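Letter by letter, the sequence shown follows residues -32 to -1, 1 to 384 of mature numbering (1 follows the signal peptide of the UniProt record, and there is no 0).
Beta carbons: idealized from backbone N, C-alpha and C, even for Gly.
Keep in mind that this is a model prediction, so the values were computed, not measured.
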Amino acid sequence: MIKNNSTKAFFFISVALLAGFLLGTVKNSAHANILDDIINKIRVTQSESVTKTENNIEKTELYKSDNVYEDSIVNAIDKNSDAVISIIVSKDLPIIENCPYNPFGDLPPEFQDFFGNLKFQRPCQNGTKEQEIGGGSGFIVSEDGLVITNKHVVSDESASYTVLTNDGEKYPATVLALDPVQDIAIVKIKTDSKNLPTVNLGDSDSVRLGQTAIAIGNALGEFRNTVSVGIISGLARSIEASGSDGIEHLEGLIQTDAAINPGNSGGPLLNLKGEVIAINTAVARNAENIGFAIPINQAKRALESVEKTGKISVPYLGVRYIQISKELSEKENLPVSEGALVRGGEDGPAIVSNSPAAKAGLKTEDIITAINSEKITETKTLLGIIQKHNVGDVVRLSILREGKKQEISVKLEARP
């Protein structure tokens, strides 16, 4: 892992290059004295800079901007950076060494003598050692140490997890719950502290295209609390995300051009008010500036579920469907241009056996147009609307069956 003194090393190298350039142009002692003064000033400036950092002068004294937009970004980061943490993933791995090996050990003694003192080696295991194998980001949401992060960051049951705070403190951590649908996990920091810094959670339903987005996280697993700034590029995106646990289908995501990478997965995406609006989650391969984040409202429901029941319970309807678009409507001559067409595929049948949908009498080729009068659109998907509800809620589905409108009530159950 790259240490914090790497930036200092770069500064020293820059000074050396500058000095070398000046020395190459100096011809006499008078110029040499000037050079000495310049280098001494550089050293004094560097020393003062280091001293200021070590004395931890207030951030507002270090930099002030006349630009309101820039101030909003700086203030948003200041409000949350202390609550953004790095998650270190460690695992017991075998220690492989070269061990003595005699390939002729099974031969009679006279044949072994023929080969003399030839020495051979081959790899062998000599115990195990805990080693860092990966990392990600997260953010503290309660003063006693509850953390929100991505499921794929902490999904290895055989691994151990350590939280590294912004001030350099390390704490062991326990995974409390993994979301069965979204890439969300709730982690608990093992500490007696009751006054840890926390982030401010916003409302992802109020996010609009074009608004500023600020991503914070452990970039590339090396650089703590790296900040990148962009805009909200898209809403209600659906992707197939691949990782160590396989391929996962994620819906209702926020798209941003703020830089997201494997290290800052699980970190917060902020608005200019300093509120968390999403969780940094995925990035498109072979493309620039296309990242995805999970709306924070989904994580808030997961957090509430853990606090009440100790696990993440997700409401479940039990249908497979195709999101209707204008193109699909025209192609298949459908009676509507928006909604969810109940249809199975390679993943399985349209209606999951013994599911709430099956119990309520939903059928293949039904078109669900609304839930509790909230219309299903390309930006308000069936899954997204269902996830706003709780397990046990009774919802009213507006459907079209063979061209006729119907209303069906369904009691949502916990996803198995």
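Check: Which class does residue 385 belong to by DSSP, given the choice of helix, strand or coil?; Outcome: Examination of residue 385 is not possible in this model, given that the chain is present from -32 through 384 alone.
Check: At 4 residues or longer, what runs of the alpha helix (DSSP H) sit wholly inside the stretch 245 to 329?; Outcome: 264 to 277, 294 to 300 and 324 to 328
Check: Roughly how many angstroms lie between the CA atoms of A209 and R253, to the nearest whole one?; Outcome: 10 Å
Check: Might you give, ordered along the chain, the residues of its own chain that have their beta carbon closer than 6 Å to the beta carbon of K373, omitting 5 neighbours on each side?; Outcome: none
Check: Please report the straight-line C-alpha distance between E275 and N248, rounded to a whole angstrom.; Outcome: 23 Å
Check: Suppose you measure from the CA of residue 385 to the CA of G312; what does that come to, to the nearest Å?; Outcome: The requested residue 385 does not occur in the structure, where the chain is confined to residues -32 to 384.
Check: So what's N43 in DSSP terms, helix, strand or just coil?; Outcome: helix
Check: Spatial neighbours of P165 within its chain, please: C-beta separation below 6 Å, excluding the five flanking residues on both sides.; Outcome: D50 and A51
Check: How should I184 be labelled, buried or exposed, when 16 other C-beta atoms within 10 angstroms of its C-beta is the threshold for buried?; Outcome: buried
Check: Leaving out five residues before and five after A127 in sequence, what residues of the same chain have Cβ atoms less than 6 Å from its Cβ?; Outcome: V57 and K59
Check: At which residues does the alpha helix (DSSP H) containing I152 begin and terminate?; Outcome: Premise fails: I152 is in no alpha helix (DSSP H) and is neither H nor E.
Check: On a Cα-Cα basis, can you pick out the residue from S40, I53, P91 and N301 that is closest to I63?; Outcome: P91
Check: In terms of residue numbering, what span does the alpha helix (DSSP H) encompassing I116 cover?; Outcome: That residue, I116, is in no alpha helix (DSSP H); its beta strand (DSSP E) goes L114 to T117.
Check: Under a Cβ-count criterion, where at least 16 other Cβ atoms within 10 Å of its own Cβ denotes burial, should K156 be classed as buried or exposed?; Outcome: buried
Check: I339 lies in the beta strand (DSSP E); which residues open and close that run?; Outcome: I335 to I339
Check: Would L169 and V121 qualify as a contact pair, given that the criterion is a beta-carbon distance under 8 Å?; Outcome: no
Check: For R269 and D135, what's the separation of their Cα atoms in angstroms?; Outcome: 29 Å
Check: Suppose the cutoff is 7 Å on Cβ atoms and the five residues either side in sequence are ignored; what does the same chain contact list for G103 look like?; Outcome: S54, I55, I56, V57, N186, G189 and G231
Check: Among the candidates T130, I101 and L240, whose CA atom is the shortest distance from the CA of E38?; Outcome: L240
Check: Taking 8 Å as the threshold, find out whether the stretch 350 to 361 comes into contact with the stretch 282 to 295 through three or more Cβ pairs.; Outcome: yes
Check: For the alpha helix (DSSP H) holding L350, just list the boundary residues, first then last.; Outcome: L350 to I354
Check: Candidates L218, C67 and E342: which alpha carbon is nearest G95's?; Outcome: C67
Check: DSSP state of D147, grouped into three classes?; Outcome: coil
Check: Report back the beta-carbon spacing between V320 and A328 to the nearest angstrom; my notes put them in contact at under 8 Å.; Outcome: The Cβ separation is near 12 Å, so there is no contact.
Check: For I258, which residues from the same chain have a beta carbon less than 6 Å from its beta carbon, with the 5 sequence-adjacent residues on both sides left out?; Outcome: A252
Check: Taking the Cβ atom as the reference point for each residue, do L144 and I154 lie within a distance shorter than 8 Å?; Outcome: yes
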